[in-house]
Amino acid sequence: MSWQEQEVRELKENKYILIDDEPCRIVEITTSKPGKHGEAKARIVAIGVFDNQKRSVIYPTKHKVKVPIIEKKTGQVLSIQGNEALVMDMETFEQFNIVIPEEFKDKIKSGQEIEYWESMGKRKIMRA
Numbered sequence: 572m573s574w575q576e577q578e579v580r581e582l583k584e585n586k587y588i589l590i591d592d593e594p595c596r597i598v599e600i601t602t603s604k605p606g607k608h609g610e611a612k613a614r615i616v617a618i619g620v621f622d623n624q625k626r627s628v629i630y631p632t633k634h635k636v637k638v639p640i641i642e643k644k645t646g647q648v649l650s651i652q653g654n655e656a657l658v659m660d661m662e663t664f665e666q667f668n669i670v671i672p673e674e675f676k677d678k679i680k681s682g683q684e685i686e687y688w689e690s691m692g693k694r695k696i697m698r699a
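Now the structure itself:
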């Protein structure tokens, strides 16, 4: 399990939430006042960490939501093949292929250390 539960009212901007099983960074939270028959609701706007898609959801403030556990790891680039890099994790020495994001296309070289994030079985290079 790479997520934990948290109440909507405890969430803050720039933290993370799972929307449609996709880890997302919260960019905006707006809360409405409680109505005559209902409780206060929160509208959450978030952007996917791995796919950069904008998503929004509305939940009651006492509703429990899933918050992804994002692991920040370092790895070493062993080789580059097209738009993928073969990376070795610096702690576990596990090797895996990872897609190189557009902004790092010219910056990543073999033998270089990178920072990558891992969550929900997905990985993304965050810093070179």
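Residues in the sequence shown are numbered from 572 upward in steps of one, following this note's numbering. Every residue gets a Cβ at the ideal spot worked out from N, C-alpha and C, and that includes glycine. This structure is a prediction, so every number in the text was calculated from the model and none was measured.
Paired residues, beta bridge with residue i - DSSP
i       : result
Lys-643 : Trp-688
Gln-577 : Val-636
Asp-660 : Gly-646
Expected contact under 8 Å - CB spacing of residue i and residue j to nearest Å
i       : j       : result
Lys-644 : Asp-660 : 6 Å
Val-622 : Met-691 : It should be noted that the sequence gives Asp, not Val, for residue 622. About 12 Å separates the two Cβ atoms, so there is no contact after all.
Residue interval of the beta strand (DSSP E) (run including residue i)
i       : result
Phe-667 : 666-670
Pro-631 : 625-631
Lys-607 : Unbroken run through Lys-607: none, as it is neither H nor E.
Leu-582 : From DSSP, Leu-582 is part of no beta strand (DSSP E); its letter is neither H nor E.
Glu-599 : 593-602
Lys-693 : 693-698
Three CB pairs or more closer than 8 Å across the region 586-596 and the region 633-640: Touching, per the Cβ criterion.
Mind the definition here: the region 574-584 touches the region 623-633 only if three or more C-beta pairs lie below 8 Å; say whether that holds. Yes, they touch.
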